[in-house]
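Student: So for the sequence shown, numbering that gives the first Met the number 0 puts the first residue at 0; every next one is plus one. Take a look at the following structure, please.
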Amino acid sequence: MTTYETAPRPVTDAPRHTGAHVIATYVIETSIALERAAEILAGEQSTGTFVRVERESDEVRARFAAQVESVQEIPLTGSSPLPGSVGDPAARRRAVLRLRFPLDNFGPSMPNLLAAVAGNLFEIKELAAIRLVDLELPAPFEERYGGPAFGIEGTRRLMGRPDGAMVGTIIKPSIGLAPAELAEVVGELAAAGIDFIKDDELQGNGPSAPLRARVEAVMPVLHRHADRTGVMPMYAFNITDDLDRIEANHDLVVAAGGTCVMACVNLMGLAGLDLLRRHTQVPIHGHRAMLGSVARSDQVGIAFRAWQKLARLAGADHLHTNGISNKFYESDAEVLDSIEAVRTPLLGLTPTVPVLSSGQWGGLAHATYAAVRSTDLLVLSGGGIHGHPDGAAAGVASMRDAWASAERGETLEQALAASGPLRRAAERFGPARA
0 MTTYETAPRP VTDAPRHTGA HVIATYVIET SIALERAAEI LAGEQSTGTF
50 VRVERESDEV RARFAAQVES VQEIPLTGSS PLPGSVGDPA ARRRAVLRLR
100 FPLDNFGPSM PNLLAAVAGN LFEIKELAAI RLVDLELPAP FEERYGGPAF
150 GIEGTRRLMG RPDGAMVGTI IKPSIGLAPA ELAEVVGELA AAGIDFIKDD
200 ELQGNGPSAP LRARVEAVMP VLHRHADRTG VMPMYAFNIT DDLDRIEANH
250 DLVVAAGGTC VMACVNLMGL AGLDLLRRHT QVPIHGHRAM LGSVARSDQV
300 GIAFRAWQKL ARLAGADHLH TNGISNKFYE SDAEVLDSIE AVRTPLLGLT
350 PTVPVLSSGQ WGGLAHATYA AVRSTDLLVL SGGGIHGHPD GAAAGVASMR
400 DAWASAERGE TLEQALAASG PLRRAAERFG PARA
């Protein structure tokens, strides 16, 4: 059996004849025959071009061409065709297409995998829609990348929360606080019993509150709290930056005793996340900022279910999924599918923590728990904590009370009757959802 190089990765010729393959699932629309469109896509993304060339032999095609696994027609949605697509729009048909790509074409390399399964295909004029919705990856990817170093178990251990939902928040306002003000907010949240605090994705290394100043302001507060209580909340410092700064940013946090770093996956790229994973000594909080630019449309792009597999492989210990009743575009069904996707085992990797965010507050705990049936979740509440009418400490209490009640199997009405902070939250954010 052929093995692939793991870290360190020397520059060598990729091994051949492995027999392994990647299966990519797409939703396509086309005005030509579905089977012909599938063949065009398979050829363009492997051995083919617009005409057969001299050395494109039958042997080459047999070894390296992508193969059509299946084409299943599904109903049209009514969306407009992509710009530049050819054919009669009235003749459009929609299908789920599965293509099999030989691993020998690109090896277990995520950048080169994406060149095959999500490269020029979005520009093929015979396709009126094309969306990558899932990937099935073989074992060599796990052998090369390794996935999360900490995951659920390591995160719980470091934050001192062995069971129950992990309750967290995002610093608000997102930007604008001086480091001294940030330290005051963190002190209040720590005293309130928060498990996790994170920088906003907008707060990087700007001149008004640079990373070093934030670390120097926040970590003494957390250490003093740990000295008093024996538990230190996890703070995810946003170290997203140019790649030549990533390791130094990480080291700055770790040297001060920090227990988490945050990386915006799409802004650093999968290779950048993998670079951080190979260096990190603490969990990586993976933010999905900018995902909507490739995932929102049902006509073109990459769906979360496919994308999250690559982010987990590259080393995200935590990964944002959004939450129900969120302030963004996703429906509850889409959010729950995203949570399920992150919770689904992948190639034997350490489990990644699903991160629920966007418009979350205590009144959503019962509905979320009823759908997910797990508390191996990091539930972030920004406005739901900072905007609580009785202050951030009451906001934390409302979240903790609601999730504990849901896990005990109590009704929403019982939770509201028992928790003053939750009732006050419902007055501000309600109605709560059962």
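Cβ atoms here follow ideal geometry from the backbone N, Cα and C, with glycine treated the same way. Please read all numbers here as calculations on a predicted model, not as lab measurements.
Could you give the DSSP three-state label for PRO139: helix, strand or coil?
Tutor: Here the question's residue 139 lines up with position 140 in the sequence shown. Helix.
Student: Helix, strand or coil for PRO80, going by three-state DSSP, please let me know.
Tutor: For the purposes of this step, residue 80 is taken as the residue at position 81 of the sequence shown. Reduced to three states, the DSSP call for PRO80 is coil.
Student: By the 10 Å Cβ neighbour count, where 16 or more other Cβ atoms means buried, how is LYS124 classified, buried or exposed?
Tutor: Stepping through the sequence shown from its first residue, residue 124 is reached at position 125. Exposed, because fewer than 16 other Cβ atoms sit within 10 Å of the Cβ of LYS124.
Student: Run through the stretch 333-412 for me and flag every whole beta strand (DSSP E) of 3 or more residues, listed as ranges in chain order.
Tutor: 352-355 and 377-379
Student: Among GLY271, ALA212, TYR25 and SER418, which has the Cα closest to the Cα of LEU242?
Tutor: Sequence index remark: in the sequence shown, residue 242 carries index 243 (1-based). Looking at the Cα atoms, GLY271 is the closest of the given residues.
Student: Can you say whether TYR328 is buried or exposed, counting buried as having 16 or more other CB atoms within 10 angstroms of its CB?
Tutor: Taking the first residue of the sequence shown as position 1, residue 328 is located at position 329. Answer is exposed; the Cβ neighbour count stays below 16.
Student: By Cβ distance, which residues of its chain are closer than 6 Å to THR24, with the 5 residues on each side in sequence left out?
Tutor: Translated into the one-based positions of the sequence shown, residue 24 becomes position 25. Counting only Cβ-Cβ distances below 6 Å, and skipping sequence neighbours, we find ARG97, VAL132 and ASP133.
Student: Buried or exposed for SER84, please, with buried defined as at least 16 other CB atoms from any protein chain shown within 10 angstroms of its CB.
Tutor: As a position in the sequence shown, residue 84 is number 85, starting the count at 1. When all chains shown are included, SER84 counts as buried.
Student: Looking at the structure shown, is MET0 part of a helix, part of a strand, or coil, going by DSSP?
Tutor: By 1-based counting over the sequence shown, the position of residue 0 is 1. Only weak support exists for where MET0 lies, its pLDDT of 33 falling under 50; the value from the coordinates is given anyway. Residue state, collapsed to three classes: coil.
Student: Decide yes or no for the touch test of the stretch 270-288 against the stretch 304-313: beta carbon pairs closer than 8 Å, at least 3 of them.
Tutor: yes
Student: Can the beta-carbon of ALA127 be found closer than 8 Å to that of PHE100?
Tutor: Along the sequence shown, one-based indexing puts residue 127 at 128. Along the sequence shown, one-based indexing puts residue 100 at 101. No; because the gap between Cβ atoms is not below 8 Å, this pair is not in contact.
Student: Please report the straight-line C-alpha distance between ALA424 and VAL293, rounded to a whole angstrom.
Tutor: Counting from 1 along the sequence shown, the entry for residue 424 is found at position 425. Counting from 1 along the sequence shown, the entry for residue 293 is found at position 294. If you take the alpha carbons of ALA424 and VAL293, they lie about 35 Å apart.
Student: Please identify the residue among GLN298, PRO353, ASP297 and PHE303 whose C-alpha is closest to the C-alpha of ALA319.
Tutor: Locating residue 319 in the sequence shown gives position 320, where the first residue counts as 1. Looking at the sequence shown, residue 319 is not Ala but His. If we check each option's Cα against that of HIS319, PRO353 comes out closest.
Student: Can you give the Cα-Cα distance for PHE140 and ALA393, rounded to whole angstroms?
Tutor: Along the sequence shown, one-based indexing puts residue 140 at 141. Along the sequence shown, one-based indexing puts residue 393 at 394. Between PHE140 and ALA393, the C-alpha separation is close to 45 Å.
Student: Is ARG93 helix, strand or coil when you go by DSSP?
Tutor: In the sequence shown, counting from the first residue as 1, residue 93 sits at position 94. Strand at ARG93.
Student: In terms of alpha-carbon separation, which member of PRO206, VAL214 and LEU81 lies closest to VAL185?
Tutor: If you number the sequence shown from 1, residue 185 lands on position 186. Looking at the Cα atoms, VAL214 is the closest of the given residues.
Student: Which parts of the stretch 148-179 are runs of the beta strand (DSSP E), unbroken and 3 residues or longer, counting only runs that do not cross its ends?
Tutor: If we require 3 residues or more, the beta strand (DSSP E) runs fully inside the stretch 148-179 come out as 165-169.
Student: Assign THR48 to one of three DSSP states: helix, strand, or coil.
Tutor: For the purposes of this step, residue 48 is taken as residue 49 along the sequence shown, with counting starting at 1. Bear in mind that a pLDDT of 47 at THR48, under 50, signals an unreliable position, so the number given afterwards is only what the model happens to contain. THR48 falls in the coil class under three-state DSSP.
Student: With a 10 Å radius around its C-beta and 16 neighbouring C-beta atoms as the bar for buried, classify LYS308 as buried or exposed.
Tutor: Working through the sequence shown from its first residue, we reach residue 308 at position 309. The residue is buried, with at least 16 neighbouring Cβ atoms inside 10 Å.
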